[in-house]
Each structure stands twice: as structure tokens, then as C-alpha cells.
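To start, the structure itself, in C-alpha cells.
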Amino acid sequence: MSPTAAERHSKRNRAVTEAVNDIRTVMDAGPSLENLEKAKAYLIALAMQKDLFSFEDFPLPEDDAMECSYLIHECEDGTYALYVNSGASHQYYAPHDHGDAWAIIAGVEGRERHQLYLRRNPHEPGDGPLIKKGEVIVAADEAVTMQPNGIHQVNAMDGMPLLHLHLYAKNFILQGERCKYDLDKGEVEPFHLDELGSITDAR
Ligand SMILES: [Fe+2]
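Start counting the sequence shown at 6; every next residue gets the next number (the numbering used here).
Next up, the structure:
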């Protein structure tokens, strides 16, 4: 007999707690590239437990929204916030930061292109507010990391939906005022969580 939704929920909560505890032992020492790489391996190991993360438990939007986000963990102070992102096949977000929160995003289903940027210092040559630093495609059992100053543009690939795990140093509310970037116009625009659509508490 396959497990019930309640059985999956409690099994998932145990696995999430264990993974976040492992990640905290690394990331409490600071968001260096080395620590993010170590923590990434723990999040990938969690994402590989496919029976815990499905569109059945984390449904896609029923309207034309880009995504549904499900909070599955945060510490009492709002740190180590882990979301399941069920993204529609047309999901696209222009370059944006996450305040000063580091991030790790691991794939369960679907492929997501992350174009990575940093803010351009005024004295650096070139035009526009950003400098492109690279590109990572997050597929099942793979992940991308962002340091606190990281900026990414994301889009779903292959005309397929996404189910990914998003871990942030702190939850979206604590990320506060963030910035998004219009590369065509060279403009920076502050924004807040309330433009990101609904988040379900699925803890
Ligand atoms: Fe993001």
C-alpha cells in the first residue's frame, strides 16, 4: 500500500529537519563558497528523495501564475527557510537579488536556467547595473548556490514545469526590500514579497 499524504508529510518533515540540521552545521560558520558547496550536497541529497516531493503534494498553479511556493521549514527566527517551488512551464523572473540572503536551489523535476550576475561597481567598465558571472542549469539532483550578493535571472526550460527546493538564509519576509533589474533599460527597481504571489505554509 502506498503511503498516505499524512505519512508522506511526517516522513518529509523528518528528512527536512535532518537535512537542515546538517546544513546549519556548515552554514552557521558563514556563507563562503566552500561552505555553500558543502551545504549544497545536503540539499541535493534531500531533493533526491523523490517520494517526498511530488506535484501531488505540491500542486502547480491552477491559474496562469508563474509558481506556487510552499514553506516546508524555517527556524524560529525565520532563518534557514526552505520552500518547495512548483513552477509553471512559463516561469520566468528577470534578474533579482534576495536581499542579503544566500541561497541554494536544488532540482527535483524539470530544468531551470539560472543566469548569474553581480552588481557592477561604478568604477568598473561597461554599461548597465549588472555584470554576468555565469550560467547554471539546475536539473534533477543538481543545484546552484548564490552568495549574499548574488543576483539571478531564472526561467523554466523545455516547456515543462518545475519542482525545485529553494533554501534561503532567511525567509521571504525577512529578505525585505529586494531589487530587480531591467537589463534593456539599465534600471534597478526595489520590490517586496507581496508581488511574488501566494506562499502556502506546508510545514
Ligand atoms: Fe530568486
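Using N, Cα and C, we set each Cβ at its ideal position, and we do this for glycine too.
Note on geometry: alpha-carbon atoms of residue 193 and residue 84 lie some 26 Å from one another. Taking the C-beta atoms as reference points, residue 106 is found no nearer than 8 Å to residue 46.
In the DSSP assignment, residue 195 forms a beta bridge with 184.
In the three-state DSSP reduction, residue 34 falls in the coil class, being neither helix nor strand. A distance below 8 Å separates the beta carbons of residue 102 and residue 183. Contact annotation: residue 66 and residue 72 have beta-carbon atoms nearer than 8 Å. Residue 144 and residue 116 have their C-alpha atoms roughly 4 Å apart.
Annotated three-state conformation of residue 190 is coil, per DSSP. When the alpha-carbon of residue 61 is set against those of 114, 121, 189, the nearest one is in 114. Set against 7 Å, the gap from the CB of residue 197 to the closest heavy atom of ligand 1 is not smaller. With a contact defined as Cβ atoms closer than 8 Å, residue 43 and residue 25 miss out at about 14 Å.
Cβ atoms of residue 118 and residue 165 stay farther apart than 8 Å, at about 12 Å. In the DSSP annotation of this structure, the continuous segment of the beta strand (DSSP E) that includes residue 135 starts and ends at 135–143. Cα atoms of residue 197 and residue 50: separation of roughly 31 Å, rounded to the nearest angstrom.
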